[in-house]
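Visitor: Top line first, the protein sequences correspond to chains X and H. If you count by numbering that gives the first Met the number 0, then the first sequence holds residues 0 to 149, one letter each, in order. If you count by numbering that gives the first Met the number 0, then the second sequence holds residues 0 to 246, one letter each, in order.
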Amino acid sequence: MGQVAAAPVGYTVKSEPHYTLYHPRWYRRRMSVWWWLHNRAYTFFVLREITSIFVAFASLLYLWQVRALLQGPQAYEGFLARLKTPLFLTLDTVALLFVLFHAITWFNLTPKAMVVRMGGRRVPDWAIIGVNYAAWIVLSGAVAFALLRG
Amino acid sequence: MASTVTLSVARYRPEKESEPTFQTYEIPFRKDWVVLDALNYVKDTMDGSLSYRWSCRMGVCGSCGMKVNGTPKLTCATFLSDYLPGPIRVEPLDNFPVVRDLVVDLTDFIRKLKQVKPWIVRKEEKPLAEGEYLQTPAELDAYKQFSMCINCMLCYSACPIYGLEPSFIGPAAIALAQRYNLDSRDQGASERLKLMSEDDGIWQCTFVGECTEVCPKHVDPAGAIQQYKLSGASQWVKSLLLPWGTR
Chain X
0 MGQVAAAPVG YTVKSEPHYT LYHPRWYRRR MSVWWWLHNR AYTFFVLREI TSIFVAFASL
60 LYLWQVRALL QGPQAYEGFL ARLKTPLFLT LDTVALLFVL FHAITWFNLT PKAMVVRMGG
120 RRVPDWAIIG VNYAAWIVLS GAVAFALLRG
Chain H
0 MASTVTLSVA RYRPEKESEP TFQTYEIPFR KDWVVLDALN YVKDTMDGSL SYRWSCRMGV
60 CGSCGMKVNG TPKLTCATFL SDYLPGPIRV EPLDNFPVVR DLVVDLTDFI RKLKQVKPWI
120 VRKEEKPLAE GEYLQTPAEL DAYKQFSMCI NCMLCYSACP IYGLEPSFIG PAAIALAQRY
180 NLDSRDQGAS ERLKLMSEDD GIWQCTFVGE CTEVCPKHVD PAGAIQQYKL SGASQWVKSL
240 LLPWGTR
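(1) Name the residues in the segment 28-48 of chain X whose C-beta lies less than 8 Å from a C-beta of chain H; which are they?
(2) Can you look up M117/X in the DSSP assignment and give me helix, strand or coil?
(3) I'd like the list of long-range same chain contacts for A221/H, defined as Cβ closer than 6 Å, with 5 residues on each side in sequence excluded.
(4) Is there a Cβ of chain X sitting closer than 9 Å to that of V236/H, yes or no?
(5) If you draw a straight line from the alpha carbon of T135/H to that of S233/H, how long is it in whole angstroms?
(6) Could one say the Cβ of F206/H lies closer than 9 Å to chain X's Cβ atoms, at least one of them?
(7) In the structure shown, what three-state DSSP assignment does E90/H receive?
(8) Note down the Cα distance separating T5/H from W135/X, rounded to an integer number of angstroms.
(9) Check whether the segment 175-187 of chain H and the segment 107-123 of chain H touch, using three or more Cβ-Cβ pairs below 8 Å as the test.
(10) Using the DSSP secondary-structure output, state which residues sit across from Q203/H in a beta bridge.
(11) Between the alpha carbons of K216/H and A76/H, how many angstroms are there, rounded?
(12) Compare the beta carbon distance of A37/H and L79/H with 9 Å and say whether it is the shorter of the two.
(13) What runs of the alpha helix (DSSP H), each 4 residues or longer, lie entirely inside the segment 137-222 of chain H?
(14) Only counting the same chain, and skipping five residues up and downstream in sequence, which positions put a Cβ closer than 8 Å to that of E18/H?
(15) Which residues does DSSP list as the beta-bridge partners of C26/H?
(16) Fully enclosed by the segment 39-84 of chain X, which alpha helix (DSSP H) runs are 4 residues long or longer?
(17) Name the chain X residues whose beta carbon is nearer than 8 Å to that of W82/H?
(18) Taking only the alpha-carbon atoms, compute the straight-line gap between G140/X and H101/X and give it to the nearest angstrom.
(19) Here's a check: name, in chain order, each residue in its chain whose Cβ is nearer than 8 Å to the Cβ of V103/H, leaving out the five neighbours to either side.
(20) Measuring only the C-alpha atoms, how far is S183/H from D140/H?
(21) Let me make sure I understand the geometry here. Which of S31/X, A57/X, L90/X, R66/X has the alpha-carbon closest to that of I160/H?
(22) Comparing alpha-carbon positions, which option in E14/H, L241/H, I87/H, I109/H lies nearest E25/H?
(23) Jot down the residue ranges of each uninterrupted beta strand (DSSP E) in the segment 45-100 of chain H, minimum 3 residues, whole runs only, in chain order.
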């Protein structure tokens with residue numbers, strides 16, 4: 000053989016651009032690998048996608064905690080000791096920031112997916128977002144109350 | 000105030016170029032001119048070979064969508080005065096093949112639009128004698144926003160998912176499907192959901208949200224897709240819980 004196929008089968012590369020009436024030679028642009036840097040909204044979007052790794056990390060941490068609890072007091076002590084190492088403190092802080100980032104951006108997006116009608120009118124976006132925040136505060140308060148009381 | 004402004008316009012002449020180049024035109028600045036007026040001025044007085052689409056020049060026909068300084072815009076509603084001192088860069092919409100200069104080919108969208116059945120689907124038409132299908136103002140209100148789409152394709156140009164996965168049905172077609180799903184006279188939602196639940200349907204959308212940002216008619220395609228996902232998912236849960244019902 001010794002020949003490298005430079006073009007797909009049935010397509011010949013011409014040195015001169017070729018144009019036939021009614022059979023236009025379209026120009027197709029390929030998206031740059033850096034498309035997400037072209038505009039702030041894209042960058043923000045990709046940031047949200049990438050940082051979901053930290054949200055997954057936070058969930059795994061909870062599962063790990065439950066597992067340690069099930070294994071008895073000694074295992075739980077070991078788990079707590081590990082959490083106090085600088086590596087986990089840093090990871091936890093970063094994860095907390097990104098979990099908050101995700102919670103807030105998702106709360107703000109809920110009215111897009113949920114259209115609630117009351118009395119023939121659409122409930123305004125701020126009310127739907129507000130209900131989310133209110134539920135968040137009430138639930139966090141209940142958890143804090145249960146923990147601090149004990 | 001500036002008396003002239005520079006337009007930097009993407010040119011692609013397939014008979015002599017293999018890829019687009021930019022050509023600059025120095026045009027008089029008028030504060031009541033939109034980008035489309037400037038292009039018309041160029042075509043009329045400077046360079047008759049410049050190709051672009053336009054028709055109504057009042058934001059109704061959806062023909063004059065182009066990128067102005069990198070953002071998809073209806074050029075009939077984009078004032079030169081917002082881009083001073085210039086130069087103002089005018090390019091064809093992204094994610095579609097360029098036919099010539101600022102003209103892109105929309106065949107892909109037209110094909111997809113047809114797939115979503117953007118018309119009223121009835122299981123059984125009622126006889127003419129029974130009169131028209133009546134609708135209350137609230138029933139009209141349920142879908143009116145999504146019916147404002149003018150197929151200008153700014154949302155497809157802004158959608159990176161469509162750029163990366165050209166088989167994605169895309170924002171406007173899904174918003175129009177939702178427009179008919181929400182219409183009280185329509186009974187085709189389950190037919191449409193079948194197509195929308197496939198690989199190239201609603202679940203391709205990762206909610207970048209730019210389609211809604213660039214939409215000149217405030218259709219909010221991103222909202223339509225997320226609402227579609229919610230109803231699609233609840234339909235799925237219902238079919239799991241009540242396999243005998245809701246068919």
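Glycine residues also receive a C-beta, built at the ideal position from the N, C-alpha and C atoms. Treat the numbers as computed from the prediction; the structure is a model and nothing was measured.
Guide: Answer, in terms of the structure:
(1) Residues of the segment 28-48 of chain X whose Cβ lies closer than 8 Å to any Cβ of chain H, in chain order: R28, M30, W34, W35, H37, N38, A40, Y41, F44, E48.
(2) Taking the first sequence and counting its residues from 1, one reaches residue 117/X at position 118. Look at M117/X here: in three-state DSSP terms it is strand.
(3) For the purposes of this step, residue 221/H is taken as residue 222 along the second sequence, with counting starting at 1. Taking A221/H as the centre and dropping the five residues before and after it, the same chain places the C-beta of G208, C210, T211 closer than 6 Å to its C-beta, in chain order.
(4) Here residue 236/H refers to the residue found at position 237 when the second sequence is read from its first residue. Cβ-Cβ to chain X under 9 Å: no for V236/H.
(5) Translated into positions along the second sequence, residue 135/H becomes position 136. Translated into positions along the second sequence, residue 233/H becomes position 234. When rounded, the distance between both Cα atoms is 26 Å.
(6) Locating residue 206/H in the second sequence gives position 207, where the first residue counts as 1. Using a CB distance cut-off of 9 Å, F206/H counts as an interface residue toward chain X.
(7) Taking the second sequence and counting its residues from 1, the one referred to as residue 90/H is at position 91. In the three-state reduction of the DSSP assignment, E90/H falls in the strand class, which pools E and B.
(8) As a first step, residue 5/H must be located in the second sequence, where it is residue number 6. As a first step, residue 135/X must be located in the first sequence, where it is residue number 136. The straight-line gap from Cα to Cα measures roughly 53 Å.
(9) Enough Cβ pairs lie closer than 8 Å, so yes.
(10) Within the second sequence, residue 203/H is the residue found at index 204, counting from 1. When beta bridges are read from the DSSP output, Q203/H appears opposite no residue.
(11) Taking the first residue of the second sequence as 1, we reach residue 216/H at position 217. Taking the first residue of the second sequence as 1, we reach residue 76/H at position 77. Approximately 11 Å between the Cα atoms of the pair.
(12) Here the question's residue 37/H lines up with position 38 in the second sequence. Here the question's residue 79/H lines up with position 80 in the second sequence. A37/H places its beta carbon less than 9 Å from that of L79/H.
(13) Listed in chain order, the complete alpha helix (DSSP H) runs (minimum 4 residues) inside the segment 137-222 of chain H are 153-157, 159-163, 170-180, 188-195, 209-213.
(14) Start at 1 with the first residue of the second sequence, and residue 18/H comes out as number 19. Setting aside the 5 residues that flank it on each side, E18/H is surrounded in the same chain by Y11, each with a C-beta closer than 8 Å to its C-beta; the list follows chain order.
(15) For the purposes of this step, residue 26/H is taken as residue 27 along the second sequence, with counting starting at 1. It is worth fixing the name first, because residue 26/H is Ile in this sequence and not Cys. BP columns for I26/H point to V4/H.
(16) If we require 4 residues or more, the alpha helix (DSSP H) runs fully inside the segment 39-84 of chain X come out as 39-69, 72-82.
(17) Counting from one through the second sequence, the residue named residue 82/H turns up at place 83. What sits at residue 82/H in the sequence shown is Tyr, not Trp. What Y82/H touches in chain X: nothing, since even the nearest Cβ is about 17 Å away.
(18) The residue given as residue 140/X occupies position 141 in the first sequence. The residue given as residue 101/X occupies position 102 in the first sequence. C-alpha separation (whole angstroms): 20 Å.
(19) Looking up residue 103/H in the second sequence gives position 104. Cβ neighbours of V103/H beyond the five flanking positions: P91, L92, F95, P96, V97, M152.
(20) Within the second sequence, the letter at position 184 stands for residue 183/H. Within the second sequence, the letter at position 141 stands for residue 140/H. S183/H and D140/H: Cα-Cα distance of roughly 11 Å.
(21) Translated into positions along the second sequence, residue 160/H becomes position 161. Out of S31/X, A57/X, L90/X, R66/X, S31/X has the C-alpha closest to the C-alpha of I160/H.
(22) The sequence position of residue 25/H within the second sequence is 26, counting from 1. Considering only E14/H, L241/H, I87/H, I109/H, the residue with the shortest C-alpha distance to E25/H is I87/H.
(23) 64-67, 70-73, 87-90, 97-99, all fully within the segment 45-100 of chain H.
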